[in-house]
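Using the numbering used here, read the sequence shown as starting at 5 and increasing by one per residue. Where is the CB? At the ideal position from N, CA and C, for every residue including glycine.
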Amino acid sequence: MSQGGAVIKRGLGLIFFGGAPPATDIPTESLNLLRREFSYWYPLTLRVSGKDLIPNHLTYFVYNHVAIWPTPARTEGQTESLLSGEYCRWPEGIRGNGHLLLNSEKMSKSTGNFLTLRQSIERFSAD
């Protein structure tokens, strides 16, 4: 790994896992700002995607999160959830949507049989 790659890896360690600021040329204030921003958005509350993406995108989404943030080991007498640890950032929920149908066919930009949001509201109302 190049020296620059090692510096970035140490910085990412702080951003993703916390702890003491590493010895890098990256200003500590910048690393702390990135850590706060990351901590605000993670763990994800909900990831929503189409059902056709479950076998690939959503599966690897789960694999990547488990690989980066393994479940903290349960210690004797531990009562809180395994997913509540400081270093665990697994998504709290994943939802797969079905397909909207238009004229009995799946709506798709590639087939051109879709309605824009404005067209849908005009045709069916916002309710």
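Of all the CB atoms in chain B, is at least one closer than 7 Å to the CB of N107?
In the displayed structure, chain B is absent; only one protein chain is listed.
- Counterpart residues of I98 in DSSP-defined beta bridges: R51
Original post:
So, do the segment 105-121 and the segment 57-68 have three or more beta carbon pairs nearer to each other than 8 Å?
Top reply: No contact exists between the segment 105-121 and the segment 57-68.
### Query
Looking only at C-alpha atoms, which of K113, L37, V52 sits nearest to E96?
Considering only alpha carbons, the answer is V52.
**Inter-residue CB distance, L62 and G23 (contact presumed, cutoff 8 Å)** = Actually they do not touch by this definition, with Cβ atoms about 30 Å apart.
Quick check on the DSSP output: the alpha helix (DSSP H) that includes I125 runs from which residue to which? 121-128
Apart from the five residues just before and just after P25, which ones in its own chain have a Cβ nearer than 8 Å to its Cβ?
The beta carbon of P25 sits closer than 8 Å to those of L18, T32, L35, N36, all from its chain and outside the five residues before and after it, given in chain order.
Within 10 angstroms of the Cβ of G116, are there 16 or more other Cβ atoms? Answer buried if so, exposed if not. exposed
Under DSSP, the alpha helix (DSSP H) around Y64 begins and ends at which residues? 63-72
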